[in-house]
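Note that numbering that gives the first Met the number 0 numbers the sequence shown so that position 37 is 36, with each residue one more than the last.
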Amino acid sequence: MAMSIDDKLGCDRFHADDNYAHIELNEECRDMDMIKRVVMACPAQLYRLEDGKLSFNYEGCLECGTCRVLAGGNVLKSWNHPMGGMGVEFRMG
Ligand code: SF4
Numbered sequence: 000m001a002m003s004i005d006d007k008l009g010c011d012r013f014h015a016d017d018n019y020a021h022i023e024l025n026e027e028c029r030d031m032d033m034i035k036r037v038v039m040a041c042p043a044q045l046y047r048l049e050d051g052k053l054s055f056n057y058e059g060c061l062e063c064g065t066c067r068v069l070a071g072g073n074v075l076k077s078w079n080h081p082m083g084g085m086g087v088e089f090r091m092g
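This is the structure we're talking about:
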């Protein structure tokens, strides 16, 4: 039986770096259209918009770069790769 995307993602491992957030939000951003795009685009659903307030948790990031392409310098203050040995460890491609 073929594995679903969720099943495959569930096989990945994440090495969270408590001392370094590799993606930071621009707290000054008020561009709600762009914020909504980022919320919808992140495949790991790490961006949340509740009561008009954006929150984000970099743990679980797939490092796909979608949010950087969409909103680097707008919704995002910075986007970098995690430090060596940290971040996602893909196990099912
Ligand atoms: S890099 Fe990809 S997975 Fe990580 S926060 Fe951005 S859109 Fe989500």
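Cβ atoms here follow ideal geometry from the backbone N, Cα and C, with glycine treated the same way.
Helix, strand or coil: how does DSSP classify residue i here?
{"i": "methionine 87", "result": "The identity of residue 87 in the sequence shown is valine, whereas the question assumes methionine. It is a strand residue."}
{"i": "glycine 64", "result": "coil"}
{"i": "glycine 9", "result": "helix"}
Residue i to residue j, Cα distance in whole Å?
{"i": "threonine 65", "j": "cysteine 41", "result": "7 Å"}
{"i": "tyrosine 46", "j": "methionine 91", "result": "24 Å"}
{"i": "methionine 0", "j": "serine 77", "result": "41 Å"}
{"i": "methionine 85", "j": "arginine 29", "result": "31 Å"}
{"i": "aspartate 11", "j": "aspartate 5", "result": "10 Å"}
Tell me where the beta strand (DSSP E) around residue i begins and ends.
{"i": "arginine 47", "result": "46 to 49"}
{"i": "arginine 12", "result": "12 to 14"}
{"i": "serine 54", "result": "52 to 55"}
Could you spell out where the alpha helix (DSSP H) holding residue i opens and where it closes?
{"i": "leucine 24", "result": "Looking at the DSSP string, leucine 24 is not in any alpha helix (DSSP H); the run it does join, the beta strand (DSSP E), is 22 to 24."}
So the candidates are the options; which of them puts its Cα closest to the Cα of residue i?
{"i": "glycine 51", "options": "Lys76, Asp32 and Gly9", "result": "Asp32"}
{"i": "serine 54", "options": "His80, Glu27 and Leu61", "result": "Glu27"}
{"i": "valine 87", "options": "Gly59, Leu24, Asn79 and Asn73", "result": "Gly59"}
{"i": "proline 81", "options": "Arg67, Lys7 and Ala20", "result": "Ala20"}
If you check the beta carbons only, do residue i and residue j fall under 8 Å apart?
{"i": "isoleucine 22", "j": "leucine 69", "result": "no"}
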